[in-house]
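This report concerns only the one structure given below.
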Amino acid sequence: MVKLFIESLKLSIKNEIEYKASFIMNSISQFFVFFTYYFTIVALFNKFNNIKGFNVYEILLCFSIIQFGFAFNETFFRGIDRFEDLVIDGSLDRFLVRPRGILFQTMCQKMHLIKIFRLLQAIIILVIALIKLNISWSITKVIVLLLMLISSTLIFFGIFVLTASYCFITVQGLEVKNLFTDGGKHMAQYPISIYKKGIVFVFTFIIPYAFINYYPLLFFIGRTNNILYMLSPLMVFVFLIPCLLSFKIGLKHYTGAGS
Amino acid sequence: MRSYLNYFKLSLITNLQYRAAALAGITTQIFFGLVYVMVYLALYESNKGVNAPMDMQNLITYLWLGQAFFAMTFPFSKNIELTNMIKNGNLAYELVRPQNFYFKFYIKFLASRYVSTMLRFLPIIVLAFVLPHPYKMAMPYSLGNFIVFLLALFLSSLLVISLALLMHIVAMFTIDASGIQSMYMVVAELFMGSIVPLPFLPKILITIGNFLPFRFMSDFPYRVYSNDIPLKEGLPLLLLSLAWVIITILIGLLLSKKALKKAVIQGG
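Residue numbers (the working numbering), protein chains in the order written: chain A, 54 to 312; chain B, 13 to 280.
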């Protein structure tokens with residue numbers, strides 16, 4: 054399975070560098086995106102010195118964790134993000150007759166490797182933040198950092214799968230999914246405590262962003278020693294259950310979209 | 013002229029079909045609006061003594077206007093029809109039509125933006141006005157400001173289209189223009205003030221931004237509304253905005269003529 058995935062990865066790379074000039078331009082522009090994101094936060098904190106008690110590097114840490122998860126999904130799991138294309142043009146029917154899982158095939162079918170630059174950017178920002186923050190490192194700190202990165206990847210994966218299962222019902226009004234991916238990503242760039250109750254509730258108990266980069270972040274930067282805060286990223290697995298389940302149910306009832 | 017008007021009408025009708033998309037758009041815009049407002053409120057609350065570059069009420073009005081007219085001012089989205097035409101060579105058919113290629117697409121782009129804006133802006137504006145105090149959008153500073161705002165917004169829509177169309181025309185010179193297009197998007201978004209309002213940027217970027225057309229796409233209209241850019245400065249800026257519209261249209265027109273003249277139709 055891993056071999057197949059790597060094979061698809063190779064194909065995607067070849068595909069991506071086919072038009073050389075465009076590839077270079079694309080890479081540069083992706084890099085510029087990095088600067089605008091980074092600059093906006095740094096620029097804001099040039100004028101202000103904290104947001105609800107968080108300083109600029111704590112914000113950058115929070116931001117980079119979310120960006121990491123999102124960019125990872127955009128790069129390697131792009132196919133799931135564009136699942137509606139498979140339903141609309143009927144390619145999904147072909148997948149059904151092959152001896153591999155549908156989700157796995159979807160992942161292999163399309164990757165968007167140019168987005169790897171965003172992944173690198175997220176890592177660069179993460180490193181900058183970590184250097185400036187003066188973390189008193191320990192094994193638990195390393196674990197919680199890894200947990201945050203993994204859970205951030207998984208939560209976007211879950212949302213992608215959830216919207217993919219929505220495609221089994223209808224491919225209309227799919228723009229709503231931007232609300233949960235792009236919107237959620239924007240919202241979760243800042244610690245969730247800066248928002249009002251309604252938003253905090255939705256993004257803690259319905260889509261658990263708070264468990265990814267807020268509660269563990271508090272533990273990581275030493276605001277609390279509560280072990281529950283450290284383990285809270287594991288909540289993402291609870292979130293994944295309904296996502297995967299709904300995909301499975303949707304697939305079972307899928308009867309083809311076209312003639 | 014009649015035929016262009018018909019293109020406009022036809023585009024309007026076609027785009028009216030996307031009402032479900034509009035509903036999703038409204039929800040997204042309202043969500044983004046609330047998130048942005050809350051972030052800035054938190055910033056202002058946590059830094060009480062700090063001299064902020066924008067008055068808070070003006071800033072919140074700015075943010076809501078940005079969400080309400082998002083469909084009109086976002087710098088670029090790929091037009092499938094034109095992009096495919098350029099890629100698969102059907103552009104050749106355009107050469108035999110009596111209408112000017114550039115203006116035909118200008119009209120089509122404009123119409124589709126106007127429809128999506130008309131379907132979206134009202135609920136967002138209404139909500140922004142009825143929200144409780146710190147979240148609430150303010151009325152225009154004066155009637156004069158409001159008139160300049162409307163004119164600036166109209167010029168903004170013309171400028172957005174001429175630049176977006178220019179980015180499509182670039183694709184006639186290189187086969188895959190997505191690199192240039194996404195670069196354009198980044199630069200435009202930064203200097204039009206859609207990521208953060210321009211006053212929050214470092215001084216050097218503000219200076220650079222003053223020499224570029226992008227600030228007329230959203231910064232100028234949204235700030236003149238609340239007199240954050242005083243009315244006195246508004247009138248000369250309107251003229252400058254108009255000048256940018258004319259310049260960008262001329263560049264687009266010339267480039268499209270040049271591209272079509274050189275066009276080699278491949279295949280049979």
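Backbone N, C-alpha and C define an ideal beta-carbon position, used for all residues, glycine too.
Query                                                                                                                                                                                              : Result
Kindly confirm or deny that the stretch 207-215 of chain B and the stretch 95-109 of chain A touch, where touching means at least three C-beta pairs closer than 8 angstroms.                      : yes
Who are the near neighbours of residue 307 of chain A in its chain, counting only those whose CB is closer than 6 angstroms to its CB and skipping five residues on each side?                     : 221
My assumption, with CB atoms under 8 angstroms, is that residue 172 of chain A sits in contact with residue 125 of chain A. Please give the rounded CB distance.                                   : 6 angstroms
At a CB-CB cut-off below 9 angstroms, which residues of chain B make contact with residue 105 of chain A?                                                                                          : 54, 55, 57, 58
Do you know offhand how far residue 117 of chain B's Cα is from residue 177 of chain B's?                                                                                                          : 8 angstroms
Residues of chain B with a CB under 9 angstroms from the CB of residue 101 of chain A: which are they?                                                                                             : 55, 56, 58, 59, 62, 64
Tell me the rounded alpha-carbon separation between residue 104 of chain A and residue 57 of chain A.                                                                                              : 46 angstroms
In angstroms with no decimal places, state the Cα-to-Cα distance between residue 218 of chain B and residue 147 of chain A.                                                                        : 53 angstroms
According to a CB-to-CB cut-off of less than 7 angstroms, which residues of the stretch 225-248 of chain A neighbour chain B?                                                                      : 225, 226, 228, 229, 231, 232, 236, 239, 240, 243, 247, 248
Output the boundary residues of the alpha helix (DSSP H) element that contains residue 158 of chain B.                                                                                             : 155-182
At least one CB of chain A closer than 9 angstroms to the CB of residue 191 of chain B: is that the case?                                                                                          : yes
Distance check for residue 238 of chain B and residue 153 of chain B, CA to CA, integer angstroms please.                                                                                          : 5 angstroms
What separation, rounded to the nearest whole angstrom, lies between the Cα atoms of residue 191 of chain A and residue 299 of chain A?                                                            : 39 angstroms
Rounded to whole angstroms, what's the CA-CA distance from residue 150 of chain B to residue 285 of chain A? Just pull it up for me.                                                               : 41 angstroms
If I follow the unbroken alpha helix (DSSP H) through residue 109 of chain B, where does it start and stop?                                                                                        : Element bounds for residue 109 of chain B: n/a, residue is neither H nor E.
Quick check on residue 28 of chain B - is its C-beta less than 9 angstroms from some C-beta in chain A?                                                                                            : no
Within 10 Å of its beta-carbon, does residue 195 of chain A have 16 or more other beta-carbons around it, so buried, or fewer, so exposed?                                                         : exposed
Between which residues of its own chain and residue 288 of chain A is the CB-CB distance below 7 angstroms, once the five residues before and five after are set aside?                            : 261, 264
Would you mind reading off the limits of the alpha helix (DSSP H) that contains residue 140 of chain A?                                                                                            : 136-142
Kindly indicate which residue of A:204, A:200, A:161, A:274 has the alpha-carbon position closest to the one of residue 184 of chain A.                                                            : A:274
Suppose contacts are defined by Cβ-Cβ distances below 9 angstroms. Is residue 143 of chain A in contact with residue 303 of chain A by that definition?                                            : no
What runs of the alpha helix (DSSP H), each 4 residues or longer, lie entirely inside the stretch 144-189 of chain A?                                                                              : 144-149, 155-162, 169-186
Please go through the stretch 229-286 of chain A and give each complete alpha helix (DSSP H) segment of 4 or more residues, from N-terminal end onward.                                            : 237-240, 250-254, 263-266, 268-273, 280-284
Using the beta-carbon of each residue, which ones in chain A are nearer than 7 angstroms to residue 213 of chain B?                                                                                : 96
Using 8 angstroms as the Cβ pair cut-off and three pairs as the minimum, do the stretch 239-255 of chain B and the stretch 96-113 of chain B touch?                                                : no
Under 9 angstroms between C-beta atoms, does residue 92 of chain B make it to chain D?                                                                                                             : No chain D is present in this structure, whose protein chains are A and B.
At a Cβ threshold of 9 angstroms, is residue 81 of chain A touching chain B?                                                                                                                       : yes
Measuring CB atoms only, is the stretch 25-39 of chain B touching the stretch 81-90 of chain A, in the sense that at least three cross pairs come out at less than 8 angstroms?                    : no
For the candidate residues B:69, B:244, B:30, B:20, whose alpha-carbon lies nearest to that of residue 144 of chain B?                                                                             : B:69
Which whole-angstrom value describes the C-beta separation of residue 124 of chain B and residue 15 of chain B, a residue pair presumed to lie in contact below a C-beta threshold of 8 angstroms? : That pair is no contact at about 18 angstroms.
If you draw a straight line from the alpha carbon of residue 250 of chain A to that of residue 256 of chain A, how long is it in whole angstroms?                                                  : 10 angstroms
Determine which residues share a DSSP beta bridge with residue 107 of chain A and list them.                                                                                                       : A:104
With 9 angstroms as the threshold, decide whether the Cβ of residue 202 of chain B is near any Cβ in chain A.                                                                                      : yes
For residue 29 of chain B, count neighbouring C-beta atoms within 10 Å of its own C-beta (all shown protein chains included) and say buried if the count is 16 or more, exposed if not.            : exposed
Using a Cβ cut-off of 9 angstroms (strictly closer), state whether residue 219 of chain B contacts chain A.                                                                                        : no
Looking only at C-alpha atoms, which of B:221, B:65, B:77, B:63 sits nearest to residue 44 of chain B?                                                                                             : B:77
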